[in-house]
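For what it's worth, the numbering used here labels the leading residue of the sequence shown as 251, then goes sequentially.
In this text, a Cβ means the ideal position worked out from N, Cα and C, and glycines have one as well.
Computed from a predicted model, the values in this text were never measured in an experiment.
One structure is given below, encoded as structure tokens.
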Amino acid sequence: MSSRPVSSRHPTHLRAIREEIRRIERYDPPFADRSVINLSLNEHYAPPSSQIQDALHNLDPMRLVTYDTELAEQLRARIAAREGVAIENIVLCPGSSSGLQLLFSCLSGGPLLVPSICWSYYLNLARLHGFPVTSYALQKGAGEFQVSPESVSEALERDRPTLLLFIQPHMPTGTLAPVDLVLGCAERARSALVLVDEAYHGFSPDAASVAAEVLTHPNLIVSKTFSKYFGLAGIRMGYLVVSAPIAEQLGKAASPFSVPFVSSLVALAALDSEAHYRALAAELMAVKGAFARRIDALPGVRSYRSHGNFLLVELPDAEAAARAEADIRAAGVAVRSARSYGLPSFLRISLGAAETMDRVATALEESEARHEAR
Ligand SMILES: Cc1ncc(COP(=O)(O)O)c(C=O)c1O
């Protein structure tokens with residue numbers, strides 16, 4: 251049987267795809283090597299709570315047959331109560347990255363104003379839509395990275411962005427911009443949207459959420475997820491907290507029944523387990539403190555203050571960072587080089603169980619000692 255070859259010389263059907271998309275590179279999330287303990291994706295290390303496991307165990311399979319709206323509405327109501335807003339302020343989405351995608355699909359244009367060190371998915375979304383991007387300074391200070399309020403102000407005046415982005419806590423640096431700065435920008439730049447990505451909210455008691463402020467700041471959008479604090483990256487559940495008029499516009503662009511029933515079920519059980527997750531977060535912050543103190547004692551190694559479930563760690567240079575990454579990997583743990591963030595002498599290390607962090611610290615100590623001995 252002969253089959254007609256598909257012509258790759260004249261793929262005219264690809265002209266049906268927008269040119270911006272044909273021109274850009276694909277965003278490939280980092281590969282997750284599960285043959286080692288993975289501290290490269292800022293996932294949680296703990297298993298889901300017993301309430302979640304029970305909910306899955308007792309799942310009525312017939313609920314998988316029908317489109318769900320009932321449970322999604324229950325979840326919206328629970329989230330609204332948790333965030334101190336009304337149900338119409340909550341837009342559920344399958345993972346907060348999908349929420350960002352939805353938001354970007356509704357923007358009228360650029361420019362977008364983002365931190366100078368930024369999660370590449372934002373840049374990818376901007377390229378996808380052909381939006382120009384400008385940035386404000388996020389700089390290395392003593393012991394922590396800092397957003398420069400002057401730089402934000404200057405860029406707001408100069409660039410007149412349609413959207414200003416804060417990531418709170420910031421990924422990968424772990425820092426926080428002052429809440430006054432964030433809300434002040436929303437008050438000043440009334441024709442812009444101010445997006446606050448709170449994906450890593452909940453770990454640090456010092457990081458306040460601005461979600462409830464959408465009630466008094468109609469141009470504020472807060473993005474949240476069940477992937478980090480609740481450790482449920484696999485259920486793909488996130489939400490945007492927005493003023494009601496913005497929710498109405500986003501609702502027109504959202505796909506119908508986009509929230510899976512099973513994900514709503516698990517997310518509701520997670521909200522029933524708040525005490526469990528609060529205790530885990532406190533434990534993680536204690537582990538972070540102990541780990542940071544231990545590695546900061548090593549010559550040439552310095553961690554930066556982080557309010558998330560990860561630490562940004564600086565080594566003397568890019569070569570030392572690559573060596574440390576390889577030595578930690580040889581000890582059975584994957585960590586993330588921060589090269590793609592323009593920080594080649596840094597590693598981003600997600601926080602895991604105390605024994606895992608002990609293993610990472612030991613690998614770093616031995617790596618340093620071996621190098622010193624040469
Ligand atoms: C800064 C930031 N925002 C949002 C997300 C998206 O999380 P999800 O799509 O799992 O909700 C991530 C994921 O790592 C992130 O690092």
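- Rounded to whole angstroms, the gap between the alpha carbons of A449 and E616 is 34 Å.
- DSSP places E275 in the coil class of the three-state scheme, outside both helix and strand.
- When only Cα atoms are considered, R272 and G501 end up about 28 Å apart.
- At least one heavy atom of ligand 1 lies closer than 7 Å to the C-beta of N292.
- Proximity of the beta carbon of I545 to ligand 1 is not indicated: no heavy atom of the ligand is located closer than 7 Å.
- Under DSSP, F395 takes part in a beta bridge, and its partners are K390.
- In this structure, ligand 1 has a non-hydrogen atom nearer than 7 Å to the beta-carbon of D447.
- Taking 8 Å as the upper bound for CB-CB distance, I329 and Y489 are in contact here, some 6 Å apart.
- Note on C435: 16 or more other CB atoms within 10 angstroms of its CB, so buried under the neighbour-count rule.
- Here DSSP, grouped into helix, strand and coil, assigns V491 to strand.
- Non-local beta-carbon contacts of A461 in its own chain, meaning distances under 6 Å to residues more than five positions away in sequence, involve E333, V472 and V491 in chain order.
- Here DSSP, grouped into helix, strand and coil, assigns D318 to coil.
- P428 and D409 have their C-alpha atoms some 22 Å from each other.
- Between the segment 566 to 578 and the segment 499 to 518, the count of C-beta pairs closer than 8 Å stays below three; the two stretches do not touch.
- Rounded to the nearest whole angstrom, the CA to CA distance from R440 to L388 is 23 Å.
- With a contact defined as Cβ atoms closer than 8 Å, H557 and F453 qualify at about 7 Å.
- Remark: the shortest separation between the CB of I599 and any heavy atom of ligand 1 does not fall under 7 Å.
- By the beta-carbon neighbour count (other beta carbons within 10 angstroms, threshold 16), V432 is buried.
- Short note on A613: C-beta not closer than 7 Å to any heavy atom of ligand 1.
- Annotation for V585: no alpha helix (DSSP H) segment contains it, though the beta strand (DSSP E) segment containing it runs V583 to S587.
- Proximity to R276 across S346, A282, V335 and R377 peaks at R377, based on C-alpha coordinates.
- Contact between L363 and A405 holds, with the beta-carbon distance rounding to 5 Å and staying under 8 Å.
- For I340, the enclosing beta strand (DSSP E) starts and ends at I340 to C343.
- Taking D283 as reference, the option from L375, E463, H294 and A584 with the minimal CA-CA separation is A584.
- In its chain, beyond the 5 residues on either side, F511 have a beta carbon closer than 6 Å to the beta carbon of D318.
- Here L562 is not near G550, since their CB atoms are 8 Å or more apart.
- When beta bridges are read from the DSSP output, S473 appears opposite D447 and L490.
- L289 sits close to S600, with the two beta carbons spaced by under 8 Å.
- The beta-carbon separation of M607 and F541, rounded to 4 Å, stays under the 8 Å limit for a contact.
- In the structure shown, the three-state DSSP call for R440 is coil.
- Distance from the C-beta of T475 to the nearest heavy atom of ligand 1 is below 7 Å.
- Annotation: S553 is outside any alpha helix (DSSP H); the continuous beta strand (DSSP E) that includes it extends over R552 to Y554.
- Not a single heavy atom of ligand 1 lies less than 7 Å from the C-beta of G484.
- With contacts defined by Cβ atoms closer than 8 Å, G349 and T412 do not form a contacting pair.
- DSSP places R268 outside both helix and strand once states are collapsed to three, so it counts as coil.
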